[in-house]
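Written out below as structure tokens is the structure these notes cover.
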Amino acid sequence: MTDTEENNGLIRANRHHSVGLPSMTPQELAQKIELAVRSAILAETLALEIADIPAEIVVERPKNLDHGDWATNIALQLSKKAGTNPRAVAEVLQPLLLKVLGIDAVKIAGPGFLNISLSAASQGELARDIVAKGLAFGRSDTLAGQTINIEFISANPTGPLHLGHTRWAAVGDAMARVLEAAGAKVAREFYINDRGVQMDKFGASVEAAALGNPIPEDGYHGAYILTLAQEILVQDPEIVNLAGETRTVAFREAAYKLQLADQQRVLSTFNTNFDVWYSERTLHESGAVDRGFTKLREQGHVYQEGGATWLRTTDFDDDKDRVMIKADGELTYFASDTAYYVDKRSRGFDLCIYLLGADHHGYVNRLRAVAACAGDDPEKSIQLLIGQLVKMMKGGQEVRLSKRAGNIITLEDLVDEVGVDAARYSLIRYPVDSPLLLDLDLLSSNTNDNPVHYVQYAHARIASVIRNAAELGVIPAQTSNWDSAKFNPSLLTDVREGQLLGLLADYPRVVATAAELREPHRISRYLEEVATGYHRFYDACRVLPHGDDEITELNVARLWLCAAARQVIFNGLDLLGVSAPERM
RNA sequence: GCCCGCAUAGCUCAGGGGAUAGAGCGUCUGCCUCCGGAGCAGAAGGCCGUAGGUUCGAUUCCUACUGCGGGCACCA
529 MTDTEENNGL IRANRHHSVG LPSMTPQELA QKIELAVRSA ILAETLALEI ADIPAEIVVE
589 RPKNLDHGDW ATNIALQLSK KAGTNPRAVA EVLQPLLLKV LGIDAVKIAG PGFLNISLSA
649 ASQGELARDI VAKGLAFGRS DTLAGQTINI EFISANPTGP LHLGHTRWAA VGDAMARVLE
709 AAGAKVAREF YINDRGVQMD KFGASVEAAA LGNPIPEDGY HGAYILTLAQ EILVQDPEIV
769 NLAGETRTVA FREAAYKLQL ADQQRVLSTF NTNFDVWYSE RTLHESGAVD RGFTKLREQG
829 HVYQEGGATW LRTTDFDDDK DRVMIKADGE LTYFASDTAY YVDKRSRGFD LCIYLLGADH
889 HGYVNRLRAV AACAGDDPEK SIQLLIGQLV KMMKGGQEVR LSKRAGNIIT LEDLVDEVGV
949 DAARYSLIRY PVDSPLLLDL DLLSSNTNDN PVHYVQYAHA RIASVIRNAA ELGVIPAQTS
1009 NWDSAKFNPS LLTDVREGQL LGLLADYPRV VATAAELREP HRISRYLEEV ATGYHRFYDA
1069 CRVLPHGDDE ITELNVARLW LCAAARQVIF NGLDLLGVSA PERM
């Protein structure tokens, strides 16, 4: 505390140095604030009803260091209903909050913010909690009871996965992990478009390549087609002796199997694993399409016109009705989409999330309409997220060509350039609704302009400190063997220590918010802040004893803080599917 | 034409109605006899696209406009 703060009228309670204070997370602080408001209302020092208290009391990390550990705008929210100005409300709450054990100081600032500083002991207790909870720290039950299907990538099995797929591979998988961390039950699903004319063109292309014929104009021309053809010939040399249509189908099916297996292999190396691979063919073969039609007919939104069967999606905000069965009797792709949605719901999912590329934004209204036509509330049962394009830059030029696939860039091209961790991290780091330009020169560099290295480096640096501590005999190597009784959190009084603890305390809220908003990029941005917070702490606060110096309680307390920071970085990177190396 | 998204520092981008709008890069200045310098501290750099509206308060929400990207099917 500085003299300036004293002069500004800061009121400060007695310091609490004793060990054993309750920890004070922002959630707990919010509860204390609510209690203070309640008691003020009961004491009639605030002219309000209990019902006027907001459902959620906002407790935030102030941007400015001078504003204490936590800030709340509760006085600004209540002042109107209380018929007074915000500062007056704050003045009522200030002394009540000061009585709370663990709150060290409460300052009224600006238009009526309450800036709260915690005692070192109470704030430092958090390190003990984090170490004890381990991997569970940050997990919550905010989405408990929800069963969510998240469908992403869903590429045709007619070629390698490209950059757009790759964005979803990283973001979709991270989103699934984040939703699980918030307590939801999640299935990751990949819809295989293994039906229709694209498959036939694919088969014909591979067949032509195998026979040494020119590939059809409207076929697939990537180098991988020839590779597939050669593999098939090795597997089954007799295939060329088949005749006509039979041979084309045989090539198509063999190529399909190989290409799908390749997609699965590539995704697995990319740390993205699906619970369900759902084939469009099985959708038709299992009768799911008929069941879907039946469901929609029951709801009364199906009609015949011009020899075709239509779904009246205009009943629910679509631009035009959509054909399900064409006049020639063929099913449309849209028919599969409707059946697939109905099928997902019948498999018990409360919510179906679709991650789609920007070129599919026209699907949003019609798929929401499908949900409505099936009798569901689209607001609850379906959510469509649109992701913008990804481009790569190298040497100041856009990368357009791929060795494997001609003029599309593949997932493997990106991984070859920068590795799995950097690829995943950089794809997840940005909100999906803005176009993304990846600079490969930056991502493959080992400098701090490469965010994934910055975060991983912080983790490795902490791991190193703890290794060294174990070697010096300060503390056991495994945190599970640490003696909690020897941790005195009240010693963590440095500004940097308080800052770092405050950041760590925010982690559960960051995860819950990322889950609620379906925005995993918040995790990475947060981790970068934690890394900065750690580096600042490390720079200012010596953790280990020098040379032959005696081991102090402060050394031990700082190691607890290190372990807590390491745990949070580890947990956060885990949600992104990015490794947390012990050494780099 | 209609629909969706975007517009914030020289560049790439964060910012869920709150305080003096942030980070990295780039430019400039400092910090290693000591735990990982892949780090830290500091400086410079902004009518938050334009104009209205809602609000005690708008970069944030709404409307219009301008500019950029994407999309319109009895294709898959």
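Under my numbering, the first residue of the first sequence is numbered 529, with each subsequent residue one higher.
For each residue, glycine too, the CB sits at the ideal point set by N, CA and C.
A quick note: this is a predicted structure, and the numbers were derived from the prediction, not measured.
Own chain residues within Cβ distance below 8 Å of residue i, not counting five before or after
i: Y806; result: E717, F718, Y719, I720 and Y868
i: S607; result: N613, P614, A616, V617 and G640
Cα-Cα separation between residue i and residue j, rounded to whole angstroms
i: A737; j: L754; result: 6 Å
i: Y985; j: P1036; result: 22 Å
i: A637; j: I644; result: 10 Å
i: I743; j: G724; result: 19 Å
i: S973; j: V948; result: 14 Å
i: R840; j: L770; result: 46 Å
i: D878; j: E808; result: 22 Å
i: D941; j: D728; result: 27 Å
i: A863; j: A583; result: 43 Å
i: P1109; j: D887; result: 37 Å
i: R920; j: A951; result: Inspection of the sequence shows that residue 920 is occupied by Met rather than by Arg. Answer to the nearest angstrom: the Cα atoms are 11 Å apart.
i: I1097; j: E1056; result: 9 Å
i: A914; j: F798; result: According to the sequence shown, residue 914 is Ile rather than Ala. Cα-Cα distance, rounded: 22 Å.
i: P765; j: V851; result: 43 Å
i: I767; j: F779; result: 8 Å
i: D632; j: L646; result: 5 Å
i: I760; j: E999; result: 57 Å
i: I585; j: Q555; result: 9 Å
i: N1099; j: G692; result: 27 Å
i: E534; j: L1028; result: Because the pLDDT at E534 is just 32, under 50, the model does not fix this residue reliably, and the value given afterwards should be weighed accordingly. In a straight line, the C-alpha of E534 is about 24 Å away from that of L1028.
i: L1101; j: P1004; result: 25 Å
Residue range of the beta strand (DSSP E) that includes residue i
i: Q911; result: I910 to G915
i: T675; result: T675 to E679
i: S567; result: Premise fails: S567 lies in the alpha helix (DSSP H), P554 to L570, not in any beta strand (DSSP E).
i: G885; result: L879 to G885
i: A575; result: Taken as a continuous stretch (DSSP letters only), A575 belongs to no beta strand (DSSP E), as it is neither H nor E.
i: R850; result: R850 to I853
i: Y806; result: V804 to S807
i: L604; result: Counting along the chain, L604 falls outside any beta strand (DSSP E), though it belongs to the alpha helix (DSSP H) covering I602 to A610.
DSSP state of residue i mapped onto helix, strand, coil
i: D632; result: strand
i: D1113; result: No statement about residue 1113 is possible, as the shown extent of the chain runs from 529 to 1112 and does not include it.
i: Q832; result: strand
i: G687; result: coil
i: R989; result: helix
i: A715; result: strand
i: L671; result: coil
i: W1010; result: coil
i: M529; result: Unreliable positioning characterises M529 in this predicted model, as indicated by a pLDDT of 33, which lies under 50. The coordinate reading is nonetheless provided below. Of the three classes helix, strand and coil, the one that applies to M529 here is coil, per DSSP.
Whether residue i touches residue j by CB criterion (7 Å)
i: A571; j: V620; result: no
i: T686; j: E735; result: no
i: R695; j: V918; result: yes
i: I910; j: R894; result: no
i: E1081; j: L1019; result: yes
i: A712; j: L1104; result: no
i: L707; j: Q791; result: no
i: L496; j: V587; result: Any property of residue 496 remains undetermined from this structure, which presents the chain solely from 529 to 1112.
i: F844; j: A900; result: yes
i: L739; j: A783; result: no
i: D597; j: G1030; result: yes
i: A866; j: V898; result: Note on residue identity: the sequence assigns Thr, not Ala, to residue 866. A contact, by the Cβ cut-off of 7 Å.
N- and C-terminal bounds of the alpha helix (DSSP H) containing residue i
i: N769; result: Per DSSP, N769 belongs to no alpha helix (DSSP H) and is neither H nor E.
i: I1051; result: H1049 to A1068
i: I658; result: A648 to K661
i: K919; result: No alpha helix (DSSP H) holds K919; the beta strand (DSSP E) holding it covers V918 to K922.
i: A1108; result: Unbroken run through A1108: none, as it is neither H nor E.
i: D728; result: V725 to L739
The ligand NAP heavy atom lying under 6 Å from the CB of residue i
i: N721; result: As presented, the structure is devoid of all ligands, the ligand NAP included, so that no description of it is given.
Cβ neighbours of residue i in the same chain (closer than 7 Å, five flanking residues each side left out)
i: M1112; result: Q984, Y985 and A988
i: I658; result: F665, L1032, A1092, Q1095 and V1096
i: T1007; result: V659 and A1091
i: T553; result: L654 and A1033
i: Y831; result: W838 and R840
Contacts around residue i, its chain only, beta-carbon distance under 6 Å, and the 5 residues preceding and following it disregarded
i: L964; result: V918 and Y958
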